[in-house]
Each structure stands twice: as structure tokens, then as C-alpha cells.
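Heads up: the structure comes next, in C-alpha cells.
In my numbering, the protein residues as written are 4 to 296.
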């Protein structure tokens with residue numbers, strides 16, 4: 004690859020990434036506005052009761068991973084059931100919402116949210132039914148959504164300037180950096196390998212692609228969801244693989260439950276259920292798309 008071609012790839016990635024910055028900023032400002040006014044979502048009580056998997060799935064669709072952290076802490080204290088926890092994890096949208104929205108993938112975003120909600124509810128009720136005899140401690144208080152070092156939780160301790168400009172700006176720049184990195188690396192791969200060769204390679208991995216994406220999704224960081232989503236945006240992976248990678252990605256909520264050594268065996272089983280379920284549904288989605296669409 005010549006220096007000129009390298010520079011062209013760099014500038015193209017920079018241009019494509021910079022174009023989404025205003026939309027990223029606007030999206031995070033709107034999220035901050037909504038979050039400050041969604042007081043009922045700060046109380047973990049909605050994750051208890053018979054409708055918990057349903058309400059947990061709805062809350063998880065809100066574009067941030069603070070709810071997965073809240074659900075993990077509630078589960079850690081035996082305040083909610085395992086199925087409710089998994090429902091929140093599967094439904095958690097995190098950065099995928101923002102990346103798809105700012106990329107103009109509105110139909111894909113709607114389809115993703117619909118699939119995540121549907122399969123989160125199914126898994127939640129199924130797991131809760133299997134463990135319905137397990138005692139759950141009576142809920143005696145509120146557990147606030149915890150920040151993951153970049154969200155707008157506990158905004159009563161922040162000024163409006165911080166909540167509506169500083170934090171949206173910081174997180175927009177971080178997200179933009181990840182998007183640029185994926186675009187640049189993908190451009191380099193296309194430059195070295197060639198588009199036709201890359202498409203042929205991806206086509207050979209279609210059966211294991213959801214499993215690979217889900218492994219990436221297990222990384223407890225918002226960077227993994229950005230990577231998976233941006234790969235989908237540039238055509239690197241299928242929709243089913245996108246679902247598989249994002250369904251297991253619950254931010255640092257995964258890290259929280261794995262820190263509890265007293266429940267390590269149970270939590271590893273839950274992690275295995277989450278992984279296999281996400282991969283299985285992702286593979287079925289790919290098969291459905293291939294046969295029907």
C-alpha cells in the first residue's frame with residue numbers, strides 16, 4: 004500500500020466519523036434530558052414482582068448500561084431473580100442505539116430493539132419459571148442507577164452545564180474515537196485484502212460468526228458494543244451476529260456479578276446461558292433472513 008493510499012484511507016475514515024459527531028452530541032444531550040426526568044427508573048422496585056422481566060426488558064432498552072449495573076447489584080443482594088437479571092442484560096442497548104441512530108440505520112435499530120425486547124422477555128420469564136421456588140429477599144429500598152464513568156446518573160449532584168454539555172461532549176468524543184478506529188482499521192483491511200476477498204472470507208464464517216461476535220460482546224466495556232455495531236454498519240457482520248454480540252453485552256453489569264465469589268458457580272452458569280441463548284437466537288435470525296428475505 005502506497006503512502007498516498009494510506010492517507011486516503013485515513014482521511015476517508017476521519018471524514019466519515021466526523022460527519023456523525025453533531026448527531027452523537029445531540030443524541031447524548033437528549034439522553035441526558037430524558038434521564039434526569041425518568042425518576043421512576045432510578046428505583047429498583049420495578050424489577051421485582053411478576054412483571055419484572057417485562058419491565059426490566061423495557062428499561063434495558065433505554066440507551067445506556069446503567070440499568071444493567073443496577074440489576075446486577077439487586078441480583079447480587081438477592082432482591083431480584085436470575086431471569087429478571089438476564090432480561091435486563093439481553094435488552095440493554097448501550098452504545099448500539101447511538102451508533103445505529105447516527106448512522107441512519109433506523110430500520111435496523113427498530114428491528115434490533117424489537118428482537119432484543121422480545122427475546123429478553125422470553126428468556127426472563129423462562130429462567131424465572133425454572134427457579135420460581137428460589138426465595139427472594141423482600142425489597143426494602145431503592146437502588147439508584149450507578150454511573151459507569153460516563154453516564155448522567157446522580158444528576159442532582161451535577162450542574163446543568165455538566166449534565167447537558169460536558170458529559171455529552173466527553174462521551175461523544177470517546178464514541179467518535181472508537182468509530183474512527185473501526186472505520187480506519189476496516190479501510191486498511193479492505194486496502195490490503197480487497198473487498199471481494201473480505202466478503203468471501205466473511206461468508207465462510209457465517210455459521211460461527213454469531214459465536215465470535217458474542218465472545219467480543221462479553222467484554223465488559225462499551226467499546227465492544229461500539230466495535231460490533233460499527234462492524235455491522237460497514238457491512239462486516241450480519242444482523243443475527245449483531246444481535247448475538249449485543250445481547251450478551253451488558254456493560255460492567257457482567258463484571259459486577261462475576262465479582263461475587265460466593266455465587267461464582269451460579270453466575271458462570273447464568274453467563275453460559277446468556278451466551279448460548281444469544282448465539283442461538285442470532286443464528287436463527289441469520290437463518291430466517293436467508294430463507295425469507
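Backbone N, C-alpha and C define an ideal beta-carbon position, used for all residues, glycine too.
Presumed contact (8 Å Cβ cut-off) between residue i and residue j, rounded CB distance
i	j	result
residue 228	residue 19	Residue 228 to residue 19, Cβ: 19 Å. No contact.
residue 51	residue 94	With a Cβ gap of about 17 Å, residue 51 and residue 94 do not count as contacting.
residue 72	residue 222	That belief does not hold up - the Cβ atoms of residue 72 and residue 222 are roughly 16 Å apart, past 8 Å.
residue 27	residue 179	6 Å
residue 13	residue 187	6 Å
residue 84	residue 122	So it is not a contact: roughly 18 Å between Cβ atoms.
With 16 other Cβ atoms within 10 Å as the buried cut-off, status of residue i
i	result
residue 225	buried
residue 210	exposed
residue 6	exposed
residue 25	exposed
residue 262	exposed
residue 22	exposed
residue 265	exposed
residue 196	exposed
residue 63	buried
residue 269	exposed
residue 3	Any question about residue 3 goes unanswered here, given that the chain covers just 4 to 296.
residue 101	buried
residue 279	exposed
residue 259	buried
residue 271	exposed
residue 277	buried
residue 92	buried
residue 217	buried
residue 284	buried
residue 8	exposed
residue 10	exposed
residue 176	exposed
residue 76	buried
residue 99	buried
residue 74	buried
residue 53	exposed
Beta-carbon proximity list for residue i, same chain, < 7 Å, skipping 5 on both sides
i	result
residue 124	56, 57, 60 and 90
residue 16	183, 186, 187 and 190
residue 127	56, 59, 60, 86, 87, 89 and 90
residue 108	236
Proximal residues to residue i (C-beta, below 6 Å), its chain only, five neighbours per side dropped
i	result
residue 302	Past the edges of the chain, shown from 4 to 296, lies residue 302, and the structure says nothing about it.
residue 236	106
residue 296	none
residue 116	64
residue 213	243, 244, 247, 282, 285 and 286
Close Cβ partners of residue i (< 8 Å) along its chain, the five nearest in sequence each way excluded
i	result
residue 220	227, 228, 231, 247, 248, 249, 250, 251, 252 and 281
residue 32	167, 168 and 171
residue 114	242
residue 131	55, 56, 84, 85, 86 and 87
Whole alpha helix (DSSP H) elements within the region 195-283, 4-residue minimum = 198-207, 212-220, 225-236, 242-250 and 256-261
Counting pairs of Cβ atoms below 8 Å between the region 236-244 and the region 284-294, do you hit three or more?
-> yes
Can you check the region 60-145 for any alpha helix (DSSP H) of at least 4 residues that lies completely inside it and give the ranges in chain order?
-> 69-79, 85-94, 98-105 and 109-133
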